[in-house]
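I have placed the structure first, in the form of structure tokens, so that the comments after it can refer back to it.
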């Protein structure tokens, strides 16, 4: 929420806007913020509305633990101020007693007695309010069915009562009645009961999706395979990726497993990968995991346990591995529910699902039939299908060209269809003047191919294809098309070479490209308006890329001038896509030039225009840009909202229309700024998956590398190692086809993870190999210095001090060429500590040699006027002299070094960052003086003075160890 509502009118407007959002984190977070805002107003009614919205967000966002807490606040408000609740609010309040009952049932940690107590509370309140009890008996029946008790009486007490205004909707009650008959084994009666819902006569927010998921297997068992296929396709679309309908998704996975559609099941599992981590309802999660296990068990039974499967984020899974993980988690959930309920109902129901045999050998569910042998690596969520293409060949050609003129994403599907038709041996080109000659169609297809090559960053290939297309357009007598294709070939793409010289050369190249575009534009008469607009866009793009490369503020105005030309032309000719393109380029220009407020203003205006006038497919990109601008403005919450909305809107368009991989990566960055690293990890892995499917393997491996490092930072060591192991065994990695520095980064992260996981031997091997390889990186000595330094430390930890010294010398040699003052000083001090700690006086000479090297680095840093970002190199070195000498038994020398460190640190102040370092120096000096030198009196004087000073300055936490040491010295005295 960009700004909090300043009055109740704004609050109600914000509540209405939030109500239009899909359920999920964005809506939930906004609802939480609106409750905070409502509490600032003196009026209770707005707070009631905000709390109701928040409870709804929790309920349908699959967060059952939070829903009852919100309802308790509402109930308190109702008891304290009943007049605040008008008839509608009162009705809503009593309705939501059922929501709380449902939420409590879903939590195995909630005692059964508490569930029954809540139902008693519901009945008492309904009776006191003069309300009918049919809803209460409905909840009592559902609890009995959940627990696994005999439901006959509970069902009759509910089903025989007349409905009231607070009864569940007809569709939901139909589903409950049908499930009662289904549990008794009567498929036919259940399906007859479901008929109004399955045929669409009765529906609600959850129906028919919920009923459909339960009806799938009864439909198969009664021979209604066509209906089963139909409702599966419709029902699945209604529940996919929805955490609050994860149980329904699980039943669709089970349906696939039992109808010979295991490959589709794996695809659906991949599309719903988010559910493994986003479902907070244990009951829903149990249902989802059991359905997933049915599928995975079936795939494994068919001998495909080694296939990749989409599972918990942060690592890759095989079918067999994921099945084992799911099995353990689901068994645990079922056991927890049974322990709470005092029955075996959930374990029994779970076992019954797992024991089901396939109902059909094969049922064609989609036009794209796939077997397990065809399964590719687990996919990211699949966007909507493109619009149907025309059957008539002339119509198809004309449609493709019309869509291409608009820049419409559905043109891709038309070109793909045409490419297939043209490649067929029996292809006959239409004899139709409106279509034009065959050579023109060939040019169209080459131009589309060039565009796709550019999207995959195959820029040289793209330029060559554009030139070929231009020649064919010449042959076809289409000069405007030919000129536009040549214009596209003029843009030099790709990253500049490293260094200032590379940027300068790229800048000059783009300046020349712009000049060539201007000459081409002015020298080509007869452009169609959409063609001329594209040439103007290319002119502006060339200058925009130049600004992006040079970062020279003098290059900003020319971009804006070209953008204004494009905007004026597109506006005069009403070319919507180019109008929005010009506005987007202008916003990007402000962003690149550093004027983020202006960029934000531009994107706000553009979004308003897009929502009013389109084109709709520009919305995701614009939202993504605004999200990145918000990140630059350090408004991570707003950035997250924009980026999440961008992804949601992008899913409405064909794959490849929007760079969703970048959106996922940007969303990961926003999550990190918001302190939500686990969510960031999910987005990073999704970004990598999307990049892999797009063919951008280098970008994908960079994203995976970031995900691995984040996983390691989160302490998910095994996940990190498993992820990296899977990446490093990829064929192109093994064959040496991937960038060697990128592979080295993956291996370095893996070595660090092995070290963190205390597999010292494996970590040492990997570090040593990396140090040897990086020694040949003449262009990057700094990285070799860092790798060699880490290698030295891990060798010392293993007790291999000779090899550690060799690695440290390598690091020092590389440091001469590319200084790493702080990192190398830290490494050398640590090596000295390890040697003295492990070898005592025998290792003192070697430890002091390390400290002498560290002293040299401190001198170099001082001469270079380098300022350390962390500890002062001099004070840290003095402290380490004290510690090393103490380990070696040279206590007088140690105390003198520690006193020197305290002098270098100076007296700590109230805002000093080094209070903890100062306190540690005092502690070690006190220990050396009082314990090892057996001079407790001066040691206590030192410690008591330090405690008094730190306490007076408010650094109470830093005094704890000092107080403890002083108490020990007094006890000994």
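In the working numbering, the protein residues as written are 769 to 1741.
The beta-carbon is built from N, C-alpha and C at its ideal position, and this holds for glycine as well.
Distance CB(residue i)-CB(residue j) smaller than 8 angstroms
i: residue 869; j: residue 890; result: yes
i: residue 1294; j: residue 1248; result: yes
i: residue 1749; j: residue 1480; result: What is shown of the chain runs 769 to 1741, which leaves residue 1749 out entirely.
i: residue 1181; j: residue 1422; result: yes
i: residue 1034; j: residue 1077; result: yes
i: residue 979; j: residue 1002; result: no
i: residue 1594; j: residue 1626; result: no
i: residue 1438; j: residue 1407; result: yes
i: residue 1122; j: residue 1065; result: yes
i: residue 1115; j: residue 1125; result: no
i: residue 1014; j: residue 1047; result: yes
i: residue 1382; j: residue 1434; result: no
i: residue 1575; j: residue 1563; result: yes
i: residue 1559; j: residue 1510; result: no
i: residue 1735; j: residue 1652; result: no
i: residue 1376; j: residue 1082; result: no
i: residue 930; j: residue 946; result: no
Selected residue, minimal CA-CA separation from residue i, among the options
i: residue 1371; options: 1302, 1410, 1336; result: 1410
i: residue 883; options: 898, 866, 1351, 1507; result: 866
i: residue 1500; options: 1404, 1302, 1469; result: 1469
i: residue 909; options: 1130, 1345, 926; result: 926
i: residue 1280; options: 1253, 1313, 1301, 1250; result: 1313
i: residue 1303; options: 1253, 1332, 1344; result: 1253
i: residue 997; options: 1121, 1133, 1330; result: 1133
i: residue 819; options: 1472, 805, 830; result: 805
i: residue 1157; options: 1177, 1513, 1140; result: 1177
i: residue 1024; options: 981, 922, 990; result: 981
i: residue 940; options: 961, 1462, 924; result: 961
Residue i - DSSP class collapsed to helix/strand/coil
i: residue 1077; result: strand
i: residue 962; result: helix
i: residue 1425; result: coil
i: residue 1292; result: coil
i: residue 1085; result: strand
i: residue 1440; result: helix
i: residue 854; result: coil
i: residue 1731; result: helix
i: residue 786; result: helix
i: residue 1131; result: coil
i: residue 1560; result: helix
i: residue 1180; result: helix
i: residue 1040; result: coil
i: residue 1208; result: helix
i: residue 1383; result: coil
i: residue 972; result: coil
i: residue 1432; result: helix
i: residue 1634; result: coil
i: residue 1376; result: helix
Residue range of the alpha helix (DSSP H) that includes residue i
i: residue 1410; result: 1404 to 1418
i: residue 1686; result: 1683 to 1695
i: residue 1723; result: Looking at the DSSP string, residue 1723 is not in any alpha helix (DSSP H), and its letter there is neither H nor E.
i: residue 1162; result: 1161 to 1174
i: residue 1236; result: 1227 to 1244
i: residue 998; result: 993 to 1007
i: residue 870; result: 865 to 873
i: residue 1028; result: Unbroken run through residue 1028: none, as it is neither H nor E.
i: residue 1625; result: 1612 to 1631
i: residue 1195; result: Neither: residue 1195 is in no alpha helix (DSSP H) and is coded neither H nor E.
i: residue 1672; result: 1659 to 1673
i: residue 980; result: 977 to 989
i: residue 1065; result: 1050 to 1069
Heavy atom of the ligand SAM within 7 angstroms of residue i beta-carbon
i: residue 1056; result: In the structure on display, the ligand SAM does not appear, and there are no ligands present to speak of.
List in chain order: all unbroken alpha helix (DSSP H) runs of 4+ residues lying wholly within the region 1304 to 1365.
Taking only runs of at least 4 residues, the alpha helix (DSSP H) segments lying wholly in the region 1304 to 1365 are 1324 to 1340, 1344 to 1360.
Every unbroken beta strand (DSSP E) inside the region 1496 to 1521 [3 residues or more]:
If we require 3 residues or more, the region 1496 to 1521 turns out to have no beta strand (DSSP E) run fully inside it.
Could I get the ranges of all uninterrupted alpha helix (DSSP H) runs contained in the region 884 to 959, with 4 residues as the minimum, in chain order?
Restricted to the region 884 to 959, the alpha helix (DSSP H) segments that are unbroken, complete and at least 4 residues in length are 902 to 915, 920 to 927, 938 to 951, listed in chain order.
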